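Heads up: the structure comes next, in structure tokens.
There are 2 protein chains.
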Amino acid sequence: MERIAEGEYAVMEVLWDESPLTAAEVAERVPLDRGWSLPTVKTMLSRLLAKGALAHEQDGRRYLYRPAIRREDYVAEESGRLIDRMFGGRLTPLVAHFAARDRLTPADIAEIEALLKELKS
Amino acid sequence: MERIAEGEYAVMEVLWDESPLTAAEVAERVPLDRGWSLPTVKTMLSRLLAKGALAHEQDGRRYLYRPAIRREDYVAEESGRLIDRMFGGRLTPLVAHFAARDRLTPADIAEIEALLKELKS
DNA sequence: GCGGAGTGATTACAGCTGTAGTCAATAAGG
DNA sequence: CCTTATTGACTACAGCTGTAATCACTCCGC
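Rendered as structure tokens:
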């Protein structure tokens with residue numbers, strides 16, 4: 459499974475959220491701040507098809523697109539890659555890093571604690 | 459501060475670990491599995507200089523290179539970016555994701571719990 | 001002094017990415 | 001039927017990236 463680029467990821471997000479969709483529908487749903495034209499979205503869709511990240515089925519003279527990989531798997535791969543590179547493959551240093559940067563609120567801390575507690579049972 | 463590419467990051471890691479170094483010394487220390495020639499390493503160094511990620515000082519007819527940005531800051535930016543994109547900017551879902559994928563050992567859990575406990579005091 | 005080794009600078013080039021434009025076919029509307 | 005809007009396919013092109021090769025200079029050993 460080939461690598462998905464940043465811009466392509468925005469298209470995947472749309473389809474993970476709702477599918478199948480036509481190219482035009484995808485274009486409507488892509489975040490506005492991208493400022494993409496319809497041709498741009500079509501290019502993304504073609505490339506994602508070529509990469510095997512999307513599948514399409516014929517619907518008259520159009521295609522309906524849907525994800526061919528699970529968001530869960532993609533997220534696991536990407537976050538695993540980052541954690542391997544920057545935190546020696548372990549989650550704890552990442553949490554420590556966030557904590558040191560004051561990016562953890564007391565509510566976050568409570569939430570994570572609850573989650574871990576759940577895990578142990 | 460411009461974006462650092464994946465390959466360039468490998469060079470940064472070397473210099474974060476030890477600096478200042480000459481180009482040849484960096485090349486020696488880059489992970490072998492990259493299989494880079496000396497010219498390749500020099501290209502990386504030039505680009506990182508141009509991006510402002512490295513600084514250099516003259517040493518006779520050579521340069522000594524050293525980081526111009528802190529690893530800590532770079533890591534914060536990159537991991538923040540990923541967490542924003544994939545986990546809505548919050549750490550908890552990432553932890554949950556790791557847990558769901560069985561990437562957390564009991565030892566990890568204990569470690570994170572200790573860390574959080576520390577934070578609260 | 002002279003030739004070779006090391007050094008930065010410059011150039012090369014293909015593949016990926018962001019961002020379209022163009023074109024041919026076709027469906028739909030008048 | 002004929003025009004127009006829609007759609008996928010193909011083409012374009014610059015900037016970034018990985019991966020060098022080449023070149024000109026200079027210092028060191030002979």
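Chains A and B are the protein sequences, given in the same order.
Residues in the first sequence are numbered from 459 upward in steps of one, following this note's numbering.
Residues in the second sequence are numbered from 459 upward in steps of one, following this note's numbering.
Yeah, the Cβ is synthetic: ideal placement off N, Cα and C, and Gly gets one too.
All figures in this text were calculated on a predicted structure; none of them were measured in a lab.
Nearest-angstrom Cβ-Cβ length linking residue i and residue j, presumed shorter than 8 Å
| i | j | result |
| --- | --- | --- |
| residue 515 (chain B) | residue 522 (chain B) | 5 Å |
| residue 505 (chain B) | residue 466 (chain B) | 6 Å |
Residue closest to residue i, alpha-carbon to alpha-carbon, out of the options
| i | options | result |
| --- | --- | --- |
| residue 527 (chain B) | B:518, B:470, B:480, B:575 | B:470 |
| residue 525 (chain A) | A:466, A:532, A:474, A:485 | A:474 |
| residue 545 (chain A) | B:546, B:533, B:543 | B:533 |
| residue 577 (chain A) | B:560, B:461, B:491 | B:560 |
| residue 490 (chain B) | B:541, B:477, B:472 | B:472 |
Buried or exposed (CB count within 10 angstroms, at least 16 for buried), residue i
| i | result |
| --- | --- |
| residue 463 (chain A) | exposed |
| residue 459 (chain B) | exposed |
| residue 511 (chain B) | buried |
| residue 496 (chain B) | exposed |
| residue 503 (chain A) | buried |
| residue 479 (chain A) | buried |
| residue 565 (chain B) | exposed |
| residue 572 (chain A) | exposed |
Beta-carbon proximity of residue i to residue j, cut-off 8 Å
| i | j | result |
| --- | --- | --- |
| residue 552 (chain A) | residue 567 (chain B) | no |
| residue 562 (chain A) | residue 549 (chain B) | yes |
| residue 482 (chain B) | residue 494 (chain B) | no |
| residue 488 (chain B) | residue 468 (chain B) | yes |
Checklist entry - Counting pairs of Cβ atoms below 8 Å between the region 548-556 of chain B and the region 527-539 of chain A, do you hit three or more? => result yes
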